[in-house]
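Residue numbers (the numbering used here), protein chains in the order written: chain A, 16 to 275; chain B, 16 to 275.
Structure first, then comments.
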């Protein structure tokens, strides 16, 4: 079922832990995971998850869901881009490696398209080969998903026609007016096999919901605990529907100034 | 004040947006940020933030705070590792580029040490040159921070002696018994200029609090809105203090099985 395998035989955790006293102690207190995990047979192949990177993507849009989905039993997460190699984020500070090019692979169980600032979004919704690749992959996915302005990219690829979807709060009028999509201001919105998430951090919530859909509620609940996702932001300012106009303006200023 | 500058003159957002009709539309609806942002003079240098990558780190530990802190006015986020180049995450699926080596740089306003699985944590707490670098950088930071088992690394570097701190829930007994640190089961714990965060996703909450400390509550509130951080996880299972033992066991199994 899997197109890619992790290269070469990896040392088992048990082997690694036997080599140091610290490792033994870590096992004892749970850092290394339960010994029961090591006693089980190898995990069967799980979902193959492809995350599309492109110049100017927002790092958390891609890596938040990657953190969650990579823990699904047997899952493989592959970062894909037009070309293999490092892909720069919107701030220009970070680069994440694309391990495959779109020419290398066109089958995934899950496709995820992250969002970006204006530069990354405008160039991607005008990139015909990327949009064609998205359409091709989408034909065979179990789930096609997006985070933030990634839903504009799905819309540009023609996948959201007649659907409801969410996106970054400031991009909702664009999604509605340019693509005729019905914007639903929720954390994530499912329409058939397409799930769109709201801005940036919403990818975490969406990925947990997607985990529940693929592996069941119990596994998703355990994943949430595995990532200690018991959010306690210091403020209550993350919901645009309740934000004052001046705070929205400041938020957009901070974004614009941080982007290259 | 800044040791690093983004290389070369970047085109302004205004330039980029003028080139496409789509860009203009994006500006209108706010995706590109407010026009007011473009009218302001260049942002003065802000905090230089160094995030230490090492083989086996957990991607969200590093990229969650990077997403937040990179939006602080004038901020520069630099990924640093023992050697420049791609650094592999705990699952082996992802690689993030370290743009500087520890030999290149030893001054940051903020140092952040992410956590890892057993492999990454055990090798890092035994890596004398990394620990020495952390001590050297810490002497001049405004804030020294960690996420998840990153606090074990700070402890191994000798920075948490006689302090209270937090860490990944399953690693708390290790932090207490091996390093004599007082574990406080909170989302993030400040002790002097050191702030430790709980597991993985807690780095987001900590980074927002740190943003408030550095740039004020209003800026931090706007950042939270900029990232649409209005968390709505599908379950209420992320708090280890309230979790059943079997769910903790399952969470640790999922982690162990996902790591290479």
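Even glycine gets a Cβ: it sits at the ideal position worked out from N, Cα and C.
Smallest Cα separation from residue i: which of the options?
i, options, result
"residue 129 of chain A", "A:268, A:227 and A:79", "A:79"
"residue 264 of chain B", "A:256, A:275 and A:237", "A:237"
"residue 175 of chain A", "A:92, A:193 and A:220", "A:193"
"residue 207 of chain B", "B:159, B:143 and B:197", "B:159"
"residue 123 of chain A", "A:61, A:210, A:198 and A:261", "A:61"
"residue 199 of chain B", "B:218, B:188 and B:179", "B:179"
"residue 215 of chain B", "B:151, B:272, B:161 and B:134", "B:161"
"residue 201 of chain A", "B:118, B:247 and B:181", "B:247"
"residue 149 of chain B", "B:163, B:169 and B:222", "B:169"
"residue 74 of chain B", "B:89, B:131 and B:100", "B:131"
"residue 177 of chain A", "A:167, A:196, A:186 and A:187", "A:196"
"residue 157 of chain A", "A:249, A:271 and A:229", "A:229"
"residue 270 of chain B", "A:259, A:242, A:219 and A:268", "A:242"
"residue 268 of chain B", "B:89, B:155 and B:133", "B:133"
"residue 89 of chain A", "A:188, A:59 and A:151", "A:59"
Going by DSSP, name the residue or residues bridged to residue i.
i, result
"residue 65 of chain A", "A:93 and A:126"
"residue 101 of chain A", "A:112"
"residue 250 of chain A", "Partner(s): none; residue 250 of chain A has no beta bridge."
"residue 136 of chain A", "Paired residues: none, contrary to the question."
"residue 194 of chain B", "Residue 194 of chain B pairs with nothing; no bridge assigned."
"residue 131 of chain B", "B:72"
"residue 180 of chain B", "B:198"
Are residue i and residue j close, meaning C-beta to C-beta below 8 Å?
i, j, result
"residue 66 of chain B", "residue 94 of chain B", "yes"
"residue 275 of chain A", "residue 165 of chain A", "no"
"residue 84 of chain B", "residue 120 of chain B", "no"
"residue 77 of chain B", "residue 87 of chain B", "no"
"residue 213 of chain B", "residue 240 of chain A", "no"
"residue 116 of chain A", "residue 98 of chain A", "yes"
"residue 210 of chain B", "residue 225 of chain B", "yes"
"residue 234 of chain A", "residue 204 of chain A", "no"
"residue 91 of chain A", "residue 63 of chain A", "yes"
"residue 186 of chain A", "residue 167 of chain A", "yes"
"residue 220 of chain B", "residue 249 of chain A", "yes"
In the DSSP assignment, find the unbroken beta strand (DSSP E) run with residue i in it and report its ends.
i, result
"residue 206 of chain B", "203–206"
"residue 233 of chain A", "That residue, residue 233 of chain A, is in no beta strand (DSSP E); its alpha helix (DSSP H) goes 232–241."
"residue 159 of chain A", "158–162"
Given residue i, which residues of its chain have a CB within under 7 Å of its CB, disregarding the five upstream and five downstream residues?
i, result
"residue 255 of chain B", "184 and 263"
"residue 51 of chain A", "Interpretation of residue 51 of chain A is limited by its pLDDT of 42, a score under 50 that renders its predicted location unreliable; the figure taken from the coordinates is listed afterwards. Excluding residues within five positions, none has a Cβ falling inside 7 Å."
"residue 171 of chain A", "140 and 146"
"residue 135 of chain A", "69, 70, 71, 72 and 105"
"residue 217 of chain B", "162, 202 and 203"
"residue 153 of chain A", "126, 159 and 174"
"residue 227 of chain A", "235"
"residue 151 of chain B", "121"
By the DSSP assignment, the alpha helix (DSSP H) with residue i in it spans what residues?
i, result
"residue 212 of chain B", "Residue 212 of chain B -> not in any alpha helix (DSSP H); beta strand (DSSP E) instead, spanning 209–212."
"residue 261 of chain A", "260–273"
"residue 80 of chain A", "74–84"
"residue 149 of chain B", "143–153"
"residue 256 of chain B", "Note, residue 256 of chain B: premise wrong, no alpha helix (DSSP H); not H, not E."
"residue 186 of chain B", "Run containing residue 186 of chain B: none; DSSP gives neither H nor E here."
"residue 120 of chain A", "Per DSSP, residue 120 of chain A belongs to no alpha helix (DSSP H) and is neither H nor E."
"residue 165 of chain A", "165–171"
With a threshold of 6 Å on Cβ separation, who are the neighbours of residue i within its own chain once the five nearest residues in sequence on each side are excluded?
i, result
"residue 103 of chain B", "70 and 110"
"residue 127 of chain B", "66, 80 and 160"
"residue 222 of chain B", "80, 83 and 84"
"residue 261 of chain A", "none"
Looking only at its chain, what residues have a beta carbon closer than 8 Å to the beta carbon of residue i, apart from the 5 residues adjacent to it on each side?
i, result
"residue 100 of chain A", "112 and 113"
"residue 258 of chain A", "252 and 266"
"residue 272 of chain B", "none"
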